[in-house]
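Chains as they are written, first to last, in my numbering: chain A, 19 to 166; chain B, 32 to 166. By construction, the Cβ of each residue, glycine as well, lies at the ideal position given by its N, Cα and C atoms. See below for the structure under consideration.
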């Protein structure tokens, strides 16, 4: 196995603050063809009960995977990002993510497994506001294809 | 305010077809930050053994979440998960992904939606499931 199993359980403190802006939410929704005004129009979002325009459910991937990618910089982990394929993904929300949120991601390596020559690593990204409020947790299982 | 749908076991989330174009994949790459060339460049995709340009798995998951949001309600999605089992090949004329679902369980506050996504007649996800807040 190329991945170092000793890294299971290791957590990485947030490296930066991510600003959830109306522009980023709008662009993400637009790319998915999602024209629901709750992602574009503050009035529509407020009418639907949100404090500001709300991010699509899969929006956190736009910053959690970047946080995960930085783990590949540690040569001791052995994560070759060029061989990574997305295996599965899950989001569990404590509350909606909305424009104006300033969030950071703590990344934890939950599991490392090997199957049929491929390595599989599951990362949990816990997204909290800079004030410490938990917003969403995101699990990404990445398959690292075996080198030929 | 709760504007979500009430749901009962066995209720069907009607099937919807979504067309994905290569332009959509470029817009999604820019919005998500995932600029892997397998989602944009056919020559590159072929060079690494893929059948052509493939959609981001997260694009398909985005469509699943969009379908659930549209049907169950804007504030419905509490949890959503999916396993990617097969790539969606996006040709020059695009690809069609069909999303459907059904309610497999309910409790006082939430429902479980079992979801499916198919393209070119083949399923492209497994274990696709959402926990949604009911009205």
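- Here DSSP, grouped into helix, strand and coil, assigns residue 88/B to helix.
- The DSSP assignment places complete alpha helix (DSSP H) segments of no fewer than 4 residues inside the region 29-113 of chain A at 40-49, 60-65 and 79-87, in order along the chain.
- Within the region 49-64 of chain A, the residues whose Cβ lies closer than 8 Å to any Cβ of chain B are, in chain order, 49, 50, 51, 52, 54 and 56.
- The beta carbon of residue 85/B is closer than 8 Å to those of 69, 70, 76, 118, 119, 120 and 121 in its chain, skipping five residues each way along the sequence.
- Here the alpha carbons of residue 44/A and residue 92/B stand approximately 17 Å from one another.
- Counting along the chain, residue 69/B sits inside no beta strand (DSSP E), nor does DSSP assign it H or E at all.
- For residue 53/B, the three-state secondary structure derived from DSSP is helix.
- In the three-state reduction of the DSSP assignment, residue 112/B falls in the strand class.
- When secondary structure is reduced to three states using DSSP, residue 136/A falls in the strand class.
- The C-beta distance from residue 123/A to residue 145/A rounds to 5 Å, short enough to meet the 8 Å contact threshold.
- When CB distances to chain B are screened at a threshold of 7 Å, the residues of the region 100-117 of chain A falling below it are 104, 105, 106, 107, 108, 109, 110, 111 and 114, in chain order.
- Residue 126/B sits in a strand when the DSSP states are folded into three classes.
- Take residue 56/B, set aside five residues on each side of it, and the residues of its chain with a beta-carbon closer than 8 Å to its own are 70, 71, 84, 86, 87, 90 and 121, in chain order.
- Sequence-distant Cβ neighbours of residue 82/B in its own chain, meaning closer than 7 Å and more than five residues away, are 120.
- Looking at the DSSP output, residue 157/A shares a beta bridge with 108/A and 142/A.
- In terms of Cα proximity to residue 163/A, the closest of 97/A, 136/A and 156/A is 136/A.
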